[in-house]
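Asks: Protein chains in written order, with my numbering: chain A, 126 to 779; chain B, 351 to 642; chain C, 10 to 261.
Glycine included, every Cβ here is placed at the ideal spot set by N, Cα and C.
Have a look at this one.
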Amino acid sequence: MTPAGAAVAERAGGRSGVPRWLRPAVITAGVLVLVLAPLGFTENTYIQTVLILTLLLVVSSSGWNIISGFAGYVSLGQGAFIGVGAYTVGILSRHTDVSPFVLAPLGGVAAAALAAVLGLVAMRARGHAFVIITIAFLFLMQTLALNLQSITGGSAGITLPLPTWSRDIGELPFYYAMLALAVLSVALAAWIRRSKLGAGLLAIREDEGKATAIGIRTPAYKLIGFVVSAVLIGIAGGIDGYFLTFIDPRGMFDILISVQIVLAALLGGRGTIWGPVLGAFLLQPLSEVVNNYFGTRLGIRLLVFGGLLALVVMLMPAGIIPTIRTAVRRWRERGSVVPFIEQPVRRAKPAAAAPPEEPAVPALAVRVSDREPVAERPPLLEIQGLSKRFGGLTALDGCSFSVREGTITGLIGPNGSGKTTVFNLVTGIVPGAGGQVRFDSRRIDQLRPWERPALGIGRTFQITRLFKQLTVLENVVAPLSHFSLRHLASGGTSGAEAARARELLDLVGLGAFGDRTAGTLSFGQQKLVELAQVLMLEPKLIMLDEPAGGVNPSLIEHLADLIRQLNRDGISFLVVEHNMPLVLQLCDPVVVLAAGRCIAQGPPQAIQRDPEVLGAYLGGDGSATQGLPEGSGAPQGGAPVGRGGPGNPRGVPR
Amino acid sequence: MKLAQTVLLGLLTGGVYALLASGLTLVFGVMRIINVAQGALLILAALFTFEIWRRTGLDPLLAIVVTTPLMFGIGWLLYRGLLARVRAAPEAMTVLLTFALAIAIEGFMGLIWRNVFRSVTPSYFASSFHVGGLFLPKGLAAGCVTAVVVLGLLYLALTRTWTGRAIRAAAENVQGAQLVGVSVVDVAAVTFAIGIATTGAGGSILSILQPFFPASHYVWISKLLGIIVLGGMGSLPGAVIGALLLGVAENVTSAYVSPRWSLVVFYVVIMVVLLVRPQGIAGSRLREDVAA
Amino acid sequence: MSREAVTSGVLELRGVVAGYGGGDVLQGVDLEVEPGSITCIVGPNGAGKSTVLRTVSGLLPPRKGTITLDGKTIGGLDPAGVLQHGIVQVPQHGGLFPSLSVRENVLMGAWLLRRDRSLVRRRYQQVVETLPVLAEWADRKAGNLSGGQRRLVEFARSLMVEPTVVLLDEPSLGLDPASLRQVYDLVKLLNQQGVTLLLVEQNVRVGLGAATWAVVMESGRVRLAGPPREVLDNPEIADLYLGGTITHTGRV
Chain A
126 MTPAGAAVAE
136 RAGGRSGVPR
146 WLRPAVITAG
156 VLVLVLAPLG
166 FTENTYIQTV
176 LILTLLLVVS
186 SSGWNIISGF
196 AGYVSLGQGA
206 FIGVGAYTVG
216 ILSRHTDVSP
226 FVLAPLGGVA
236 AAALAAVLGL
246 VAMRARGHAF
256 VIITIAFLFL
266 MQTLALNLQS
276 ITGGSAGITL
286 PLPTWSRDIG
296 ELPFYYAMLA
306 LAVLSVALAA
316 WIRRSKLGAG
326 LLAIREDEGK
336 ATAIGIRTPA
346 YKLIGFVVSA
356 VLIGIAGGID
366 GYFLTFIDPR
376 GMFDILISVQ
386 IVLAALLGGR
396 GTIWGPVLGA
406 FLLQPLSEVV
416 NNYFGTRLGI
426 RLLVFGGLLA
436 LVVMLMPAGI
446 IPTIRTAVRR
456 WRERGSVVPF
466 IEQPVRRAKP
476 AAAAPPEEPA
486 VPALAVRVSD
496 REPVAERPPL
506 LEIQGLSKRF
516 GGLTALDGCS
526 FSVREGTITG
536 LIGPNGSGKT
546 TVFNLVTGIV
556 PGAGGQVRFD
566 SRRIDQLRPW
576 ERPALGIGRT
586 FQITRLFKQL
596 TVLENVVAPL
606 SHFSLRHLAS
616 GGTSGAEAAR
626 ARELLDLVGL
636 GAFGDRTAGT
646 LSFGQQKLVE
656 LAQVLMLEPK
666 LIMLDEPAGG
676 VNPSLIEHLA
686 DLIRQLNRDG
696 ISFLVVEHNM
706 PLVLQLCDPV
716 VVLAAGRCIA
726 QGPPQAIQRD
736 PEVLGAYLGG
746 DGSATQGLPE
756 GSGAPQGGAP
766 VGRGGPGNPR
776 GVPR
Chain B
351 MKLAQTVLLG
361 LLTGGVYALL
371 ASGLTLVFGV
381 MRIINVAQGA
391 LLILAALFTF
401 EIWRRTGLDP
411 LLAIVVTTPL
421 MFGIGWLLYR
431 GLLARVRAAP
441 EAMTVLLTFA
451 LAIAIEGFMG
461 LIWRNVFRSV
471 TPSYFASSFH
481 VGGLFLPKGL
491 AAGCVTAVVV
501 LGLLYLALTR
511 TWTGRAIRAA
521 AENVQGAQLV
531 GVSVVDVAAV
541 TFAIGIATTG
551 AGGSILSILQ
561 PFFPASHYVW
571 ISKLLGIIVL
581 GGMGSLPGAV
591 IGALLLGVAE
601 NVTSAYVSPR
611 WSLVVFYVVI
621 MVVLLVRPQG
631 IAGSRLREDV
641 AA
Chain C
10 MSREAVTSGV
20 LELRGVVAGY
30 GGGDVLQGVD
40 LEVEPGSITC
50 IVGPNGAGKS
60 TVLRTVSGLL
70 PPRKGTITLD
80 GKTIGGLDPA
90 GVLQHGIVQV
100 PQHGGLFPSL
110 SVRENVLMGA
120 WLLRRDRSLV
130 RRRYQQVVET
140 LPVLAEWADR
150 KAGNLSGGQR
160 RLVEFARSLM
170 VEPTVVLLDE
180 PSLGLDPASL
190 RQVYDLVKLL
200 NQQGVTLLLV
210 EQNVRVGLGA
220 ATWAVVMESG
230 RVRLAGPPRE
240 VLDNPEIADL
250 YLGGTITHTG
260 RV
């Protein structure tokens, strides 16, 4: 990052100007306080109890945050795992003499197993459907606990063994156990947030479809996220059961517990590390105050929590911490010049990947090269007979063409000719209905969408799909090259991958923007970020969907230069564009689609003069050959373009 | 014989469920909002009916004339005051909001009416018709007939009135509706109010069928969610089919397995249907509900 | 046909800038639609043709510039407000309500007039007279019609308010030749009765064949305007679709 860039980043409020040692110091101090505090309250078991319950809420809320904050799958049933943990310990402690403290981790195992099962099935549902499934799951658990009386004791509940230590120690063992779990939960959440797993979960929250397009294996990520979010809650549940000594279905699977978990995280800040902690420390004391002041009349508690949840959702859905952060950032940035408007992006010093010389020759020189003529290069991408219908509309009708290695192939055609559908079928976002797609001689149309980027296919979108709430750097680092647990655990924005990402940002000219939030960039700048994102996976073929659309002319030049440079380095391109001047100077060959099939293929000048292509654009009443209207010039001389029947790509004699 | 009796009871109950679920599915169809508070509002209406019956002796099924407009008004206020503010929010957050509303209403009911089981017991409550060896509990039969009548009125309102047409139009095609001058915000408010109005009638009927107390709303929302998920969220005919099917399933489970397991049927239906065929029996495929 | 030939005033766009989200699709559009004309806008993709219609019909508010009808400002009004001025849009796709019957769909066109039942009934009769096949389809669910049939129903619906200006967004899209002919016959018929039509067309030849005035747009601006024959014969049109721009900005 250039010094100027770092200055810009700081002004834009990326990393705040707070000294680096302050944060860890505050955290350590806080933990120390918590560790030592109860020693001053050994006689006051009430305060110990409140703290224990608060820490339980911290654990649960942090866990919830992983699946519902990071990944965005809101669960109203997370409290069920507390009950699962408690009942596991309760049931086991009936049959053995082992201390429930030792049994507690098994509560975590049970919770993880249950989460895995629920996760495998529930992950196919999104949005409100997922919330409802988690509610049903919670009620189901409660009913099972009530009905399977021989195992769970039914509504009579289970009584756990009493604590084996002396009265003087009070509740301290529970306290320290819960504190350890709370620290572990927060540390786990922080670690995940910085890892590739966390980046993937955040990507899933922002745009799940885009996440699959960059190689993230979404079902696996969600499953792991769900299991991880449940494990510590299960262990905490086991300890909670021991703490309460008596557990029953109503108490352990009370939906109000789940509501508190959600409320704590929402209030503090969904998706942040410390939000659940803050929320828990606000909410539990509030709960106690309500209990003490109003007695245990259930109605008041419900009104308070229901009302509070409603207020948070309506007025401050992001939560306290993000709201404060945004306010601070806005205050910092007031009056400062922030380049929201399109600015001509300066090329940073050429990074290692860029060749040293700048092409000073006119564009035509790209085609006159000493490489093999286009026709003799091997096909990299082959589309054969692709068909696709949407409802009554036929988008593709036996479309066939290929993209040859090393070319920048243009794909043009009138509205509705099927260009974006071709892209969607090649990347797998949309299932096809006939035909084949071959990449590098290998058939790919049966592969899942996230398996394709690893083969070397990258794709940008007509309307950019970036993860708007993440930083530019996080966006570029997001693509996943290979899936393994170790790789998932590795750091997201540090290490070799991050360095490469910065290089790529420099290459596209956005080196100074690494720490900016992606959503604040201009449209054209976002397109460049998407390109850098695609380059992370070292693609052999990049499919660009209207790269120049909505972008101002100076940036279009920059884009074209970039594409040519990358092409010289060996990347092939397939470009859908409506901007004809750009297509003519950039692409060779050009493929023309009309009415769902390929009607022409050849060098740009020939395509430009081809009457059938013109006819496809200008329309008519459907007759095959339509010359230009009388009065205009007849087709100029030049390379004769072969004519084939509908559906046959014409040859390209040179 | 027992089977016939069980099935008959199930169908009658299903008829009532159909009315209860109709409001929920209507609101979803037009506004894509799942109103988790529907159960709580049902209990609220039942409590209103109880009060009316206790103070005036008015038959609960006739009290519908009072409770329906009352709930309509409450629905209108709830939309304008709360839900209109979160129109742009993601779906999951709206569900949380309606859930918060449900809990708040439960709290409110608990404070005013205390957590005591109540039941409205008009004279015909405990007796049954005897038809061909089968017993038709009079309360259930009357309730089912009333439910069918109200559903019929709802159907007429949706198909024969301009407002009803606008509601159906907006449910299918917001842009098309705008282009003919329909105010989509007003339609949303009216739809929500109608959806809540059905709880007025539904709650009154419910009050004679089973004892209820504030926390009963969890039971009811579970049943209703199961019904609309099975029938297809947003589809009124689907709600009727789902209600009948689940009414029978619930009764059969209750009679042949145990009453304690009858609710489990609903939970299982919710989970299985949302995963295997999210659009249910009669609903249209909603792209946001299924992960890529 | 008993129908007063009430024509609109001039529909004028001056310097209109509009867009969705980030960019501006329209970059300063100047356009005049003469009353009683059939004006057809053509141009390559991304030119902003449909966007022009949406700014007029109220689906998209303009960021800059003015849109007036007979001197009265209509830019920035919502669709209901625009409808009050007698301007109706028939959208490119999906304007119908699939589960409502054809009759109900057409009736919905008179939503703003719904309080006057006899008026609505009369209008419906008039519309069926204009397009008799509607009587045949009246009870069918709109979702069961073919694309061409739907386009006709949408068109008919727009007539319920007796509009003075009808905006047609790509009427030929996805239509078979027979339906295409029917749609354009209706266009001519309406025009004879004094309705002003503003069309956007992909199919240049069909669109300009029916038009009395042609407008060519590119990159968010109007580039050419004139009698259709002249515009169609202009060699720059081929250039426009498959080559440079009329005022060259790129290196070609």
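Which chain A residues are close to GLY526 of chain B, counting only those with a beta carbon under 9 angstroms from its beta carbon?
Replies: Below the 9 angstroms Cβ cutoff, chain A contributes no neighbours of GLY526 of chain B, its closest Cβ being approximately 16 angstroms away.
Asks: What is the C-beta distance between ALA355 of chain A and ALA236 of chain A, in whole angstroms, given that I count them as a contact (C-beta under 8 angstroms)?
Replies: The Cβ separation is near 4 angstroms, so the contact holds.
Asks: Closer than 7 angstroms by C-beta to ASP332 of chain A: which residues in its own chain qualify, once you throw out the five before and the five after it? Chain order, please.
Replies: Contacts found: ARG590 and PHE592.
Asks: Got a sec? Which residues, its chain only, sit under 7 angstroms from PRO410 of chain B by beta carbon, not counting five neighbours each side?
Replies: THR399, TRP403, VAL470, PRO472, SER554, SER557 and ILE558
Asks: Contact between the segment 622 to 635 of chain A and the segment 569 to 587 of chain A is defined here as three or more beta-carbon pairs at a separation below 8 angstroms; is this criterion met?
Replies: no
Asks: Please classify PHE408 of chain B: does DSSP put it in a helix, a strand, or coil?
Replies: The sequence shown places Leu at residue 408 of chain B, rather than the Phe named in the question. Residue state, collapsed to three classes: coil.
Asks: Against chain A, which members of the segment 213 to 234 of chain C pass a CB distance test of less than 7 angstroms?
Replies: VAL213, ARG214 and VAL215
Asks: So, does the CB of HIS703 of chain A fall closer than 8 angstroms to a CB anywhere in chain C?
Replies: yes
Asks: Based on Cα-Cα distance, which residue from B:VAL623, B:PHE562, B:LEU624 and B:LEU358 lies nearest to VAL481 of chain B?
Replies: B:LEU358
Asks: Whose Cβ in chain C lies nearer than 7 angstroms to the Cβ of GLY674 of chain A?
Replies: GLY55
Asks: By Cβ distance below 6 angstroms, which residues in the same chain neighbour ALA614 of chain A in space, the five residues on each side in sequence not counted?
Replies: SER320
Asks: Can VAL601 of chain A and MET661 of chain A be called in contact, C-beta distance under 8 angstroms?
Replies: yes
Asks: Measure the C-alpha to C-alpha separation of LEU241 of chain C and VAL213 of chain C and round it to an integer number of angstroms.
Replies: 8 angstroms
Asks: Would you mind sorting ILE571 of chain B into buried or exposed? The rule is 16 or more other CB atoms within 10 Å of its CB.
Replies: buried
Asks: Please go through the same chain and pick out, in chain order, the residues whose beta-carbon is closer than 6 angstroms to the beta-carbon of LEU161 of chain A, but skip the five residues on each side of it.
Replies: So the list is empty, once near-sequence residues are dropped.
Asks: Looking at the structure shown, is VAL91 of chain C part of a helix, part of a strand, or coil, going by DSSP?
Replies: Here VAL91 of chain C sits in helix by DSSP.
Asks: Rounded C-beta distance between SER108 of chain C and ARG518 of chain B? I'm assuming under 8 angstroms.
Replies: 7 angstroms
Asks: What does ALA187 of chain C reach in chain A if we use C-beta pairs closer than 7 angstroms?
Replies: Within chain A, no residue comes near ALA187 of chain C; the closest Cβ sits about 11 angstroms away, beyond 7 angstroms.
Asks: List the residues of chain B that GLN98 of chain C touches, going by C-beta distances under 8 angstroms, in chain order.
Replies: Ordered by position in chain B, the residues that pass the 8 angstroms Cβ test against GLN98 of chain C are LEU529.
Asks: Is there a Cβ of chain B sitting closer than 8 angstroms to that of THR546 of chain A, yes or no?
Replies: no
Asks: Tell me which same chain residues have a C-beta within less than 6 angstroms of the C-beta of GLU530 of chain A, skipping the five on either side of it?
Replies: ARG502, PRO503, LEU505 and SER697
Asks: Per the contact definition of three or more C-beta pairs closer than 8 angstroms, is the segment 690 to 709 of chain A in contact with the segment 519 to 538 of chain A?
Replies: yes
Asks: Given a cut-off of 8 angstroms on the beta-carbon distance, is the pair GLY721 of chain A and CYS524 of chain A in contact?
Replies: In this structure, CYS524 of chain A lies closer than 8 angstroms to GLY721 of chain A by Cβ.
Asks: If you measure from the beta carbon of VAL532 of chain B to each beta carbon in chain C, is any gap under 8 angstroms?
Replies: yes
Asks: Would you decide whether HIS567 of chain B is buried or exposed? Buried here means 16 or more other CB atoms lie within 10 Å of its CB.
Replies: buried
Asks: Using 8 angstroms as the limit for Cβ to Cβ distance, is ALA119 of chain C near chain A?
Replies: No, ALA119 of chain C lies away from the interface with chain A (no Cβ there is under 8 angstroms from its Cβ).
Asks: Give the single residue among C:ASN54, C:VAL99 and C:MET169 whose Cα lies nearest to the Cα of LEU35 of chain C.
Replies: C:ASN54
Asks: Secondary structure at MET668 of chain A, three-state DSSP: helix, strand or coil?
Replies: strand
Asks: Any heavy atom of the ligand PLP closer than 7 angstroms to the beta-carbon of GLU333 of chain A?
Replies: Within the structure as shown, the ligand PLP is missing, as the structure has no ligands at all.
Asks: Who are the near neighbours of GLY649 of chain B in its chain, counting only those whose CB is closer than 8 angstroms to its CB and skipping five residues on each side?
Replies: There is no way to answer for residue 649 of chain B, as the model of chain B reaches only from 351 to 642.
Asks: How about LEU518 of chain A: is its C-beta nearer than 8 angstroms to some C-beta of chain C?
Replies: Flagged as an interface residue toward chain C: LEU518 of chain A, by a C-beta distance shorter than 8 angstroms.
Asks: Curious, which full-length alpha helix (DSSP H) runs of at least 4 residues does the segment 189 to 221 of chain C contain?
Replies: Counting whole runs of 4 or more residues, the segment 189 to 221 of chain C contains the alpha helix (DSSP H) stretches 213 to 219.
Asks: Among B:PRO561, B:GLY360, B:ARG627 and B:ALA434, which has the Cα closest to the Cα of CYS494 of chain B?
Replies: B:GLY360
Asks: Would you grab the beta carbon distance between ALA741 of chain A and ILE732 of chain A for me? Rounded to a whole angstrom, and I think it's under 8 angstroms.
Replies: Actually they do not touch by this definition, with Cβ atoms about 11 angstroms apart.
Asks: How long is the line joining the alpha carbons of PRO410 of chain A and ALA389 of chain A, rounded to whole angstroms?
Replies: So the two alpha carbons sit approximately 12 angstroms from each other.
Asks: Looking at the strands, I want to know which residues DSSP matches up with LYS73 of chain C.
Replies: C:VAL26
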